[in-house]
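Residue numbers (my numbering): 452 to 718.
Below: one structure, written as structure tokens.
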């Protein structure tokens, strides 16, 4: 199994995973979306709220503010303190305070966290606009959870893959001297293979538009999918960097494989 990085930034990545099968590729995708543990606001203690948002609306909005996640925190269900859906300990929860008076636009960056390592992933997420005399004072309690339980804990927000396309172009008498660009900027076709000026197969979505334009029949233009090579693209919500999200997903799959192996040994 090989991984070739195409694009890599803090919030997104694109890579080619080869030498595997669709089941494993889909397992990686699902792990990034649903199985990587993250911190998110689950409970809110409201002391004053004279904003235009109801308490419930404000709580829902706060729950979807991504928080940078520190690996030292554990889910309450596996914490030694034994707290379940209640007051926990410093190992399983972190407190963030918000106390703002208007007139002001309240942003996620206005939170004051009890743990400097746990902060809103983006300081410019708007929460509510306060007018003169309005105030929001609250304590938000964040816990570790999984995307499979609630979207607030979903670290991967746009994770997907496709089979790697292979574009094969043979001499094209019907094309004349006209160069035509396909809609996805994947293939530039000319009158012959020698005049093929560009072929970026990673962009191909097998739309068929080029074939339709020229009314081409096989074997002039062929597009295949490699059944064992996948082009992944992903975006992180900011809880982790894109590289950390990929590694965390791999750790999840590795851990489950080990757990399954141990179960089989006990049979």
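Built from N, CA and C at the ideal position, the CB exists for glycine as well.
As the structure is a computational prediction, the values presented were derived from the model and not from experiment.
- The DSSP-derived three-state label of residue 706 is helix.
- The bridge partners DSSP lists for residue 492 are 593.
- Note on residue 472: under 16 other CB atoms within 10 angstroms of its CB, so exposed under the neighbour-count rule.
- Rounded to the nearest whole angstrom, the CA to CA distance from residue 705 to residue 715 is 15 Å.
- At the C-beta level, residue 590 and residue 500 stay beyond 8 Å of one another.
- Put simply, the region 523-530 does not touch the region 504-515. Fewer than three CB pairs are less than 8 Å apart.
- Here residue 476 is not near residue 694, since their CB atoms are 8 Å or more apart.
- The closest CA to that of residue 597, considering only 566, 586, 458 and 481, is found on 481.
- Separation of residue 603 and residue 678 (C-alpha to C-alpha, rounded to the nearest whole angstrom) is 34 Å.
- The residues 487 and 691, in chain order, have a CB closer than 7 Å to that of residue 699 in the same chain once the five nearest residues on each side in sequence are set aside.
- Annotation for residue 475: the continuous alpha helix (DSSP H) segment containing it runs 473-481.
- Contact between the region 453-463 and the region 545-554 is absent, with fewer than three C-beta pairs closer than 8 Å.
- Take the alpha-carbon of residue 454 and the one of residue 579: they are about 43 Å apart.
- Put simply, of 587, 503, 594 and 542 the residue whose alpha carbon is nearest the alpha carbon of residue 494 is 594.
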